[in-house]
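Notes follow once the structure below has been shown.
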Ligand code: MOS
C-alpha cells in the first residue's frame with residue numbers, strides 16, 4: 023500500500039515564506055492515514071485490562087468467563103506472557119532506546135490503571151467484551167498517593183539530565199545574600215498533574231513476518247520518535263535494528279506523551295507474535311491517563327533577595343516533583359534550570375528532588391521543566407516587583423543577563439530585550455497602572471501581566487538521504503516525524519532552497535530512512551534541517567563531479583566551484599547556457615537513480631556558547647468579581663528563536679503554546695482520588711482544556727535573529743518556547759486585576775472568590 027509519507031514543494035516556495043502546511047489538505051479531507059488507520063489483512067484486536075488498585079500484587083486471574091467469548095484468540099497475563107530477552111526499563115532525557123515498564127513480566131502493581139492483561143480477539147467488540155469479563159484477585163498494599171503526604175521520602179534524581187549534570191547547583195553564597203537583602207520574597211508555588219491529551223490516541227499495529235534471521239517486525243505506531251521505537255523494540259526482542267521497522271506518516275499531536283516507547287507498543291508486538299496475526303491496539307481516552315506519562319505535580323519554593331533598586335542579590339529555587347515508584351524508571355521535571363541563567367544574580371541555588379508515589383511514570387510535557395518552573399520563577403519576580411512598587415517589566419530589565427551567569431559563557435545570540443520592547447509596544451504596556459485593582463471596565467476588573475520565556479537550543483545527530491531519479495524527481499528522506507508542527511513543510515522548504523530544482527519532495531515517517539532524533543526538546547527542525555543541508559551539499563558535489571566527468575559534457579574543462587544547480591540543471595555560473603539537466607546526467611552515466619546520504623551532528627558549540635531562545639509574554643485578563651469568572655482577553659507573545667523557516671507554521675506553534683499556557687493557568691488539572699489512586703477526570707469533558715471561545719485575540723511577534731553559532735540551519739526551535747511563561751503572565755494579570763496572588767494552578771473561580 024502506498025504510504026503518504028512525502029510532500030513536494032516547488033522551487034521558489036523557500037525558507038521564510040508563510041506557505042500552507044503541505045499535509046493540511048490530506049488532514050482536513052480525512053485522507054491522512056494515522057497509525058490506527060492502516061488496513062492490514064487478517065488484523066486482530068487487542069484491548070488492555072488495567073489494575074484497579076494502586077499498590078500490591080496480583081494473586082490470581084479468573085479467565086474462564088472471558089475465554090468463552092467467541093473469537094477470543096488469547097488473554098496475555100503475567101502468567102503466560104513471553105519472557106523478554108531484555109526487559110529494558112526506564113527512560114532517558116533523550117528518549118533513548120528503552121521501553122517503559124511494566125511489560126507483564128511480574129505481578130507487582132505500582133499504580134491504579136497499570137496494564138495487567140491484554141485480550142486479543144478477532145473483532146474489537148469481542149475483545150472489549152472479554153476484557154470486561156477478566157477477573158483479578160489482588161493482595162493490596164498501602165499506597166502513597168498524595169504528594170504532600172510523601173515529602174519525607176523525597177530524594178535527589180539519579181539520572182538528572184541523563185546524567186550530564188548534578189540536580190543541584192549553586193554559585194556565590196545565596197543564604198548570606200538572602201539574609202542581608204533589604205527586600206525579600208519567600209513563597210511556594212504548586213502545579214498539578216497535567217495530561218497531554220493529544221487528539222489522536224496512542225495506537226500501535228504490530229505485524230511479524232518471516233522466520234529466524236529473516237524475521238521482521240513492523241509497527242505502525244503513533245510516536246514522536248520512529249527511530250527510537252524501532253531501536254527500542256529491536257533491543258527488547260533481541261533483534262538486529264534492521265529487522266524492525268516503525269512507520270508513522272502522521273501524528274495527531276504528541277506534546278511529549280508520544281516521546282517514549284510506552285508499554286502498550288511492546289505489548290502489542292509481544293501478543294502479535296503469540297497469536298501469529300497482526301494486532302491492533304488503540305488506547306481508550308481513559309487509558310491515556312495512566313499509560314503514557316503526564317506532567318508531574320510540582321511544589322516549588324522560590325526565594326528572592328533584592329536591593330532597593332530591584333537588583334537581584336540572591337535567587338533560590340527548590341523544586342519538588344512527583345514521581346512513580348523508582349522501579350519504573352526515573353523522570354525528573356527540571357523546574358529550576360531557567361532560574362540559573364535567566365537573571366543576573368551573583369548568588370544562586372537550585373535544587374531538584376523527586377517524591378515517589380503510587381502513580382505511573384511521569385514524562386515530558388511541552389517545555390518539561392521550563393513551563394512549570396516559569397510559573398514559579400516568573401510569579402515570584404512579579405511578587406518582587408510588587409514589593410518594590412516597581413513595574414514588573416522594568417524589574418526584569420534591571421536584572422537582564424548579558425551573558426549566561428550560570429555557565430559563565432556568552433549567549434550565542436539573545437534578543438530578549440527586543441522581545442520585551444516589541445511585545446510591550448504591541449500590547450500597550452506603557453499604559454499599565456501600577457496598583458492592582460485599579461484598571462476597570464465598568465464592574466469588570468482588568469489586569470495586565472508579563473513573564474519571560476526561555477528554552478534551550480537542542481540538537482542531535484540526524485541523517486538525510488536524497489534520491490535523484492532519472493525521471494527528474496528528487497526525494498529527500500529522513501527518519502523523522504511530523505507531530506502536526508509542520509516538519510513536512512519546513513524541511514521541504516529548506517530542501518527546496520538547498521536544491522533549487524523544479525520540485526523537491528520531502529519524505530519522513532519511516533524508520534528505514536536515515537535515523538533522526540525524537541521530535542522532542544524542540545530539536546527536529548534544527549537536527550533534520552542541518553542533516554538535509556549536509557546531504558544537499560554532498561549531492562551537489564556529486565552532481566558537479568559527474569557533470570565534469572561525463573563524456574562530451576557541455577561543462578568539460580570547468581571546475582566544480584564554477585558550477586551551480588538551478589532549475590533542474592547543473593550550470594556554469596558565468597555562462598548559464600552551458601548546462602546539463604540532472605536526468606540527462608544520470609542517463610549518460612547509466613544510472614536510474616543517484617542516492618546521496620548526509621548527516622550532521624552537534625559540534626562543540628555548546629561548550630563555547632550558551633544557546634537559548636527567548637520571549638516575552640503579555641496577558642490581559644478580565645475578571646468579573648461577582649461571578650469569579652476569569653477570561654484572558656488579549657495576549658501578545660514576542661519571541662526570538664533564530665531563523666524562522668515559515669512564518670505561518672511558526673505562528674501556529676506560538677498559538678498552540680500560548681493556548682496550552684492559558685489552559686495551564688486557568689483550567690488544566692488531573693484529579694487523582696487520594697484513596698484509590700484513580701484518575702477521576704479521565705476524559706476530555708472533565709479534564710478541562712481551552713476551546714476556541716477561551717482563546718482571545720493573540721498577537722505573535724518574531725524578532726529577527728541570525729545566529730550562526732547554533733547550527734548550520736540557524737534554527738533555534740519553537741515547539742516549547744511559547745508555553746514558557748504563558749501561565750505566569752496570566753497569573754500575574756489575575757493578581758493585577760484582583761490583588762489576589764494565586765500560587766496554586768489552575769486559577770479556578772473558587773480560588774478568587776473571597
Ligand atoms: Mo516535547 S515535551 O520535548 O515533546
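In the working numbering, the protein residues as written are 23 to 776.
Idealized CB from N, CA, C, for every residue including glycine.
Annotated as distal: residue 48 and residue 140, with beta-carbon spacing of 9 Å or more. The closest CA to that of residue 591, considering only 611, 583, 579, 562, is found on 562. Apart from the 5 residues on each side of it in sequence, residue 366 sits with its Cβ closer than 8 Å to the Cβ of 334, 421, 422, 423, 424, 427 in its chain, given in chain order.
Listed in chain order, the non-local C-beta contacts of residue 699 below 7 Å within the same chain comprise 76, 133, 134, 165, 167, 380, 381, local neighbours out to five positions each way being set aside. Between the ligand MOS and the CB of residue 177, the shortest heavy atom gap is not smaller than 8 Å.
Runs of the alpha helix (DSSP H) lying entirely within the segment 220-306 and spanning at least 4 residues, in chain order: 248-259, 285-297.
In this structure, 476 is the residue among 196, 540, 476 with its C-alpha nearest to the C-alpha of residue 744. Nearest in C-alpha terms to residue 106, of all of 670, 293, 417, 177, is 293.
Under the criterion of beta carbons closer than 8 Å, residue 159 and residue 82 qualify as touching, at roughly 4 Å. Every unbroken stretch of the alpha helix (DSSP H) spanning 4 or more residues and falling wholly within the segment 589-629 is given here in chain order: 604-610. Its chain contains 456 as the residues whose beta carbon lies nearer than 8 Å to that of residue 411, once the 5 sequence neighbours on both sides are disregarded; these appear in chain order.
For the segment 658-726, the full-length beta strand (DSSP E) segments reaching 3 residues or more read 719-724 along the chain. Counting every other CB atom within 10 Å of its CB across the protein chains shown gives residue 618 a total of 16 or more, marking it as buried. The alpha-carbon separation between residue 726 and residue 66 amounts to approximately 52 Å.
Ranked by Cα distance from residue 190, the first of 169, 691, 355 is 355. Ranked by how close their Cα comes to the Cα of residue 341, the residues 314, 330, 350, 371 have 371 in first place. Under the three-pair Cβ rule at 8 Å, the segment 640-652 does not count as touching the segment 241-252. By the CB criterion at 9 Å, residue 282 and residue 122 fall inside the cutoff. If you keep only unbroken beta strand (DSSP E) runs of at least 3 residues inside the segment 41-101, you get 66-72, 78-84, 94-98. Rounded to the nearest whole angstrom, the CA to CA distance from residue 508 to residue 234 is 40 Å. Restricting attention to 754, 742, 151, 244, the CA atom closest to the CA of residue 87 is found in 151. Note on geometry: alpha-carbon atoms of residue 272 and residue 707 lie some 25 Å from one another.
Within the chosen limit of 8 Å, the ligand MOS does not reach the beta carbon of residue 310 with any heavy atom. By the criterion of a C-beta distance shorter than 6 Å, residue 398 is surrounded in its chain by 211, 322, 324, once the five residues flanking it on both sides are discounted.
Taken in chain order, the whole beta strand (DSSP E) runs of length 3 or more contained in the segment 358-426 are 369-378. For residue 156, there is no enclosing beta strand (DSSP E), as DSSP marks it with neither H nor E. When distances are taken from the beta-carbon of residue 222 to the heavy atoms of the ligand MOS, even the shortest one reaches 8 Å or more.
Here the C-alpha atom of residue 311 lies approximately 7 Å from the C-alpha atom of residue 701. Residue 50 counts as exposed, since fewer than 16 other beta carbons sit within 10 angstroms of its beta carbon. Taking 9 Å as the cut-off, the beta carbon of residue 445 is found closer than this to the beta carbon of residue 638. In this structure, the ligand MOS has no non-hydrogen atom nearer than 8 Å to the beta-carbon of residue 30. Residue pairing by DSSP leaves residue 457 without any beta bridge partner. Contact between residue 492 and residue 610 does not hold, since the beta-carbon distance rounds to 10 Å and is not under 8 Å. Less than 9 Å separates the beta-carbon of residue 130 from that of residue 349. With at least 16 other beta carbons inside 10 angstroms of its own, residue 568 counts as buried. In the three-state reduction of the DSSP assignment, residue 329 falls in the coil class, being assigned neither a helical nor a strand state.
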